[in-house]
Amino acid sequence: MDLAFSPDEQAFRAEVRTFLEAELPDDLRHKVRQRQELEREDYLRWQRILHARGWIAGSWPKEYGGCDWTPAQRHIFDEECHAADAPPLLPFGLQMVGPVIFTFGRPDQKEFFLPRLLSGEHWWCQGYSEPGSGSDLASLQTAAVRDGDDYIINGQKIWTSLAHHADWIFCLVRTRKEGKHQEGISFLLIDMKTPGITVRPLILMDQGHHVNEVFFENVRVPVANRIGEENRGWTYAKFLLGNERAGIAEVAWNKKLLQRLKEMAADTPASGDRLLDDAVFSRKVAETEVKLTALEYCNLRILAAMQEGSPPGGEASMLKLLGSEVTQAITELTVEALGYYAAPYELADRTPGSNWSPVGPEAAEGVMGQHLFMRAITIAGGSSEVQKNIIAKMVLGL
Amino acid sequence: MDFNLSEEQQLLKDSVDRFVLDDYDFEKRRKTSNSDDGFSRDNWKTFAELGWLAVGLPEEYGGFGGPVETMIVMEAIGRGLVTEPYLPTVVLGAGLVAEAGTDAQKEAILGAVAEGSCMLAFGYAEPTSRFNLADVSTTAEKKGDGYVLNGHKSVVYGAAAADKIIVSARTSGGVRDKDGISLFIIDNNCKGLTRRDYPTADGLRASEVEMENVEVGADALLGTEGAALPVIEKVVDQGIAALCAEAVGCMEMLKDETNEYLKTRKQFGVPIGKFQVLQHRMVDCFIELEQSRSMTYMVTLKLDEDEKERRKAASSAKAQIGKGGVFIGAQSVQMHGGMGMTDELKISHYYKRLMQIDTMFGNRDWHLKQFAALTQ
């Protein structure tokens, strides 16, 4: 057993850090640090910078334009990016549909989609959940009916993150109504410009436009855009969900959030003391940091196992559970740290040049909004209740 | 012992409940909350006509009822997520005047509050005070017969709409001394006062209030110079009791809505309320609500006891309500799934209000600390 990273890995960390110092634009860094909402172009700018360096897809094989990094390298890369306040890389293309395409797609699909995905030319979104199919995803009803060389799609997806930015959507659709739910689902790639698709915003409790409803009305999709075999979509969907879990604990991001919380508590006056010196508050911060440390080492053990070639099983659900709980604990404490200054909530113009400034301390910006939005992480991507069911069944055999 | 309402109290309850049910549906509330003022002056007029703005005020100035009547109104305000600034005006502002005012001040203000022509706000917090009411940096220096005020009051709910703002200011002593604090009634449009108004996360309105050489006459002093802290603490405890009642109204609405959702939302072919993990979670919500309601009755009925008993009651009730409210709020969002996250459903709005209620007048940790000190 050895906790240390190898000399090569340490050299890699230094290389990433140097790169970030030189290439991460200050305005993006500032936006992330101030918890401001990122615009489409913000994500894309950072994606193009990483793409130019060849560091856009750490986990992908080299032959498809990836870095073929080890899990440890990916972990180091994530840590350094979050520490530097780099914008996040959205998972929908890079972590979700990309690996599905290079694993199950035809050569022409790989050739067309993968380079465009990596360069940012295609922004992908995920069409999974439906109004009647949340935790029970396999019951989805969006229908794809064969008509010559096309499918005709009718139905509705919901909670589609950033669909209003997307060029393409990968969708689970029903191609057979008989038999088991899971055995009548197909996996389609759909151009968002296809006639019959309507995107409608869903505003969340932070007043932000993060998610959408996507409606399909007689949308014609070439059969050639299907991944793999008809009615085998559930298999690919499960593969994708397994892939999604690799970085699900968001350890590096949580560390960054915790560090910001401690800085804020050190700067927050509390009637003569610093808030960080308040025994009760600092105990809660410490408890959260201990929980995060336990999560970090759970995550490292799973990473090490992956490095040795064993994919994460039901244990990955534990990472999702713990990671989302830690994030919520940190954002809750950050709101608490602000005291009365958590209340002001102005949806102001925050573009550079506007003279808006947050009410209260500068660090108050975006704190409440982030906390409110983060209530979603114990619901999205399989709720905490579903994750516990998975552990009970797959790990404990109950 | 009797936890029943009298006939008059029941009539008051029926009247506020009916208003919330008939005239304050959630879409109306959303419009009101998004308007420039953040509340409706027509509603305020209705409150005056129905007598609700006189609740808890002394009878000789047109008032009626006491803490129980305030509780009845505030619980309905919680259920409807009412945005009209009732707490700042009637409970805090008029409460301070009733407690400490001269006959002339009461005469000038309380009747006007009751008839709806005067709104009030109370600035007690400052950027560095956190939850300590005795931490007052704002100064009031004697000048001739009057005073000159300088300082910054934070997150003053209802300040934009208020005709008069009551502020705490230091007339002597060090920043955190319990003695030397005084209260002043200031006209909102007076020279030297600037406000930054903003909406709050829970859909209300608050302001930063800055005073730069604000000159007031001797008649602006509310109560005895330098001896305001006991008055502030007493009225804040009344505010805490009122806030607890509001929280109970919020929690009950969430409990009912979520319970209904568990019965109707189906996944895996059954209502999700058939899953034991959600049943137990719902039971936990129910129990938190019942505890919170009991603590609200307790503090409401103890507001007139001696200072120590009253403060124990207020701190223990506030600690329970803060915990229970945030728990029920967060779990209602979780059990509603994605729908609970939306702005469209009312669930998240109640959660946001319950979060602010936890913070207002000091959060759980603050009140546990107060309670520990009082019970050692």
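The listed protein sequences derive, respectively, from chains F and D.
Each residue of the first sequence is one higher than the one before, starting from 1 at the first, in the working numbering.
Each residue of the second sequence is one higher than the one before, starting from 1001 at the first, in the working numbering.
The beta-carbon is built from N, C-alpha and C at its ideal position, and this holds for glycine as well.
(message) What would DSSP say about residue 1177 (chain D), mapped onto helix, strand or coil?
(response) For this step, residue 1177 (chain D) is matched to residue 177 along the second sequence. Reduced to three states, the DSSP call for residue 1177 (chain D) is coil.
(message) Please identify, using Cβ separations under 9 Å, the residues of the region 365-386 of chain F that lie next to chain D, in order along the chain.
(response) 368, 369, 371, 372, 373, 375, 376, 378, 379, 380, 383, 384, 385
(request) Look at the alpha carbon of residue 287 (chain F) and the alpha carbon of residue 1164 (chain D), and state the distance between them as a whole number of angstroms. (result) Translated into positions along the first sequence, residue 287 (chain F) becomes position 287. Translated into positions along the second sequence, residue 1164 (chain D) becomes position 164. Rounded to the nearest angstrom, the two C-alpha atoms are 45 Å apart.
(request) For residue 1337 (chain D), return the contacting residues in chain F, with the cut-off set at a CB-CB distance below 8 Å. (result) Numbered from 1 along the second sequence, position 337 holds the residue referred to as residue 1337 (chain D). Simply 134, 135, 379, 383.
(request) State the Cα-Cα distance for the pair residue 162 (chain F) and residue 293 (chain F), rounded to the nearest angstrom. (result) The residue labelled residue 162 (chain F) in the question sits at position 162 within the first sequence. The residue labelled residue 293 (chain F) in the question sits at position 293 within the first sequence. Using only the alpha carbons, I get a separation of about 32 Å.
(request) Check whether the Cβ of residue 1026 (chain D) lies closer than 7 Å to any Cβ atom in chain F. (result) In the second sequence, counting from the first residue as 1, residue 1026 (chain D) sits at position 26. Not one chain F Cβ lies under 7 Å of residue 1026 (chain D).
(request) Could you tell me which chain D residues have their CB closer than 9 Å to the CB of residue 269 (chain F), listed as they occur along the chain? (result) Taking the first sequence and counting its residues from 1, the one referred to as residue 269 (chain F) is at position 269. Those within 9 Å of residue 269 (chain F) in chain D are 1127, 1128, 1129, 1130.
(message) Please identify the residue among D:1096, D:1375, D:1010, D:1050 whose C-alpha is closest to the C-alpha of residue 1232 (chain D).
(response) The residue you call residue 1232 (chain D) lines up with position 232 of the second sequence. Here the closest residue by C-alpha is D:1096.
(request) Take residue 1349 (chain D) and list the residues in its own chain whose beta-carbon comes closer than 7 Å to its own, dropping the five residues that flank it on each side. (result) Within the second sequence, residue 1349 (chain D) is the residue found at index 349, counting from 1. Taken in chain order, the residues that qualify are 1081, 1203.
(request) Mind the definition here: the region 1243-1258 of chain D touches the region 1219-1235 of chain D only if three or more C-beta pairs lie below 8 Å; say whether that holds. (result) no
(message) Against chain F, does residue 1350 (chain D) count as a neighbour if the rule is that its beta carbon must be under 7 Å from one of theirs?
(response) Working through the second sequence from its first residue, we reach residue 1350 (chain D) at position 350. No, because no Cβ of chain F sits closer than 7 Å to the Cβ of residue 1350 (chain D).
(message) Using the Cβ count rule (16 or more neighbours within 10 Å means buried), how would you classify residue 218 (chain F)?
(response) The residue given as residue 218 (chain F) occupies position 218 in the first sequence. When all chains shown are included, residue 218 (chain F) counts as exposed.
(message) At a CB distance below 7 Å, what residues from the region 1179-1206 of chain D approach chain F? Give them in sequence order.
(response) 1196, 1198, 1199, 1200, 1201, 1206
(request) Would you mind reading off the limits of the beta strand (DSSP E) that contains residue 1109 (chain D)? (result) Position 109 of the second sequence, counted from the start, is the residue given in the question as residue 1109 (chain D). Residue 1109 (chain D) -> not in any beta strand (DSSP E); alpha helix (DSSP H) instead, spanning 1103-1114.
(message) For chain D, check one thing: does any of its Cβ atoms lie closer than 7 Å to the Cβ of residue 411 (chain F)?
(response) In the structure as shown, chain F begins at 1 and stops at 398. Residue 411 (chain F) is therefore absent and cannot be evaluated.
(request) Using a Cβ cut-off of 7 Å, pull out every chain D residue sitting near residue 204 (chain F), in sequence order please. (result) On the first sequence, residue 204 (chain F) is found 204 positions in, with the first residue counted as 1. Residues of chain D passing the Cβ test: 1341, 1342, 1343.
(request) Verify the CB distance criterion: does residue 159 (chain F) have a CB-CB separation below 7 Å to chain D? (result) Your numbering for residue 159 (chain F) matches position 159 in the first sequence. True, the Cβ-Cβ gap to chain D drops below 7 Å.
(message) Distance cutoff 7 Å, beta carbons only. Does residue 314 (chain F) sit that close to anything in chain D?
(response) Here the question's residue 314 (chain F) lines up with position 314 in the first sequence. No, no contact with chain D.
(request) Consult DSSP for residue 1121 (chain D) and reduce its assignment to one of helix, strand or coil. (result) The count along the second sequence starts at 1 and reaches residue 1121 (chain D) at position 121. Three-state DSSP puts residue 1121 (chain D) in a strand.
(message) Between the alpha carbons of residue 1039 (chain D) and residue 1051 (chain D), how many angstroms are there, rounded?
(response) Taking the second sequence and counting its residues from 1, the one referred to as residue 1039 (chain D) is at position 39. Taking the second sequence and counting its residues from 1, the one referred to as residue 1051 (chain D) is at position 51. When rounded, the distance between both Cα atoms is 18 Å.
(message) For chain F, check one thing: does any of its Cβ atoms lie closer than 7 Å to the Cβ of residue 1361 (chain D)?
(response) Here residue 1361 (chain D) refers to the residue found at position 361 when the second sequence is read from its first residue. Chain F contact via Cβ: absent.
(request) Use the C-beta contact count for residue 1174 (chain D): other C-beta atoms within 10 angstroms, 16 or more gives buried, fewer gives exposed. (result) As a working note, residue 1174 (chain D) is residue 174 in the second sequence. Counting Cβ neighbours within 10 Å, residue 1174 (chain D) comes out exposed, since fewer than 16 surround it.
(request) Compare the C-beta of residue 285 (chain F) with all C-beta atoms of chain D and state if any pair is closer than 7 Å. (result) Residue numbering aside, residue 285 (chain F) sits at position 285 when the first sequence is read from its first letter. No, no contact with chain D.
(message) Contact between the region 1108-1125 of chain D and the region 1333-1348 of chain D is defined here as three or more beta-carbon pairs at a separation below 8 Å; is this criterion met?
(response) no
(request) Please confirm if residue 339 (chain F) has its CB atom under 7 Å from at least one CB of chain D. (result) The residue you call residue 339 (chain F) lines up with position 339 of the first sequence. Yes, residue 339 (chain F) counts as interfacial toward chain D.
(request) Check the Cβ-Cβ distances between residue 1135 (chain D) and every residue of chain F, and say whether any is below 7 Å. (result) In the second sequence, the residue the question calls residue 1135 (chain D) occupies position 135. It does; some Cβ of chain F falls within 7 Å.
(request) Give the straight-line distance between the Cα atoms of residue 62 (chain F) and residue 117 (chain F), rounded to the nearest whole angstrom. (result) What you label residue 62 (chain F) is simply residue 62 of the first sequence in a count that begins at 1. What you label residue 117 (chain F) is simply residue 117 of the first sequence in a count that begins at 1. Between residue 62 (chain F) and residue 117 (chain F), the C-alpha separation is close to 15 Å.
(request) In angstroms with no decimal places, state the Cα-to-Cα distance between residue 333 (chain F) and residue 261 (chain F). (result) As a working note, residue 333 (chain F) is residue 333 in the first sequence. As a working note, residue 261 (chain F) is residue 261 in the first sequence. Approximately 8 Å between the Cα atoms of the pair.
(message) How far does the alpha helix (DSSP H) with residue 315 (chain F) in it extend, from its first residue to its last?
(response) Within the first sequence, numbered from 1, the residue matching residue 315 (chain F) stands at position 315. Unbroken alpha helix (DSSP H) run through residue 315 (chain F): 315-338.
(message) Only counting the same chain, and skipping five residues up and downstream in sequence, which positions put a Cβ closer than 8 Å to that of residue 331 (chain F)?
(response) Translated into the one-based positions of the first sequence, residue 331 (chain F) becomes position 331. Hits under 8 Å: 257, 367, 370, 371, 374.
(request) Return no unless some Cβ of chain D is closer than 7 Å to the Cβ of residue 63 (chain F). (result) Mapped onto the first sequence, residue 63 (chain F) falls at position 63. Output row for residue 63 (chain F): interface = no.
(message) In whole angstroms, give me the CA-to-CA distance for residue 1151 (chain D) and residue 1104 (chain D).
(response) Along the second sequence, one-based indexing puts residue 1151 (chain D) at 151. Along the second sequence, one-based indexing puts residue 1104 (chain D) at 104. Cα-Cα distance, rounded: 27 Å.
(message) Below 7 Å on C-beta distance, what does residue 1268 (chain D) contact in chain F?
(response) Within the second sequence, the letter at position 268 stands for residue 1268 (chain D). Near residue 1268 (chain D) (Cβ distances below 7 Å), the residues of chain F are 136.
(message) With a threshold of 7 Å between beta carbons, is residue 1356 (chain D) in contact with chain F?
(response) Translated into the one-based positions of the second sequence, residue 1356 (chain D) becomes position 356. Yes - at least one Cβ of chain F is within 7 Å of the one on residue 1356 (chain D).
(request) Could you name the residues of the same chain whose beta carbon sits closer than 7 Å to that of residue 344 (chain F), not counting the 5 residues immediately before and after it, in chain order? (result) By one-based count along the first sequence, residue 344 (chain F) stands at place 344. These residues qualify, in order along the chain: 359, 360.
(message) Is it buried or exposed, residue 1276 (chain D), if we count other Cβ atoms within 10 angstroms and call 16 or more buried?
(response) Counting from 1 along the second sequence, the entry for residue 1276 (chain D) is found at position 276. Exposed, by the Cβ-count rule.
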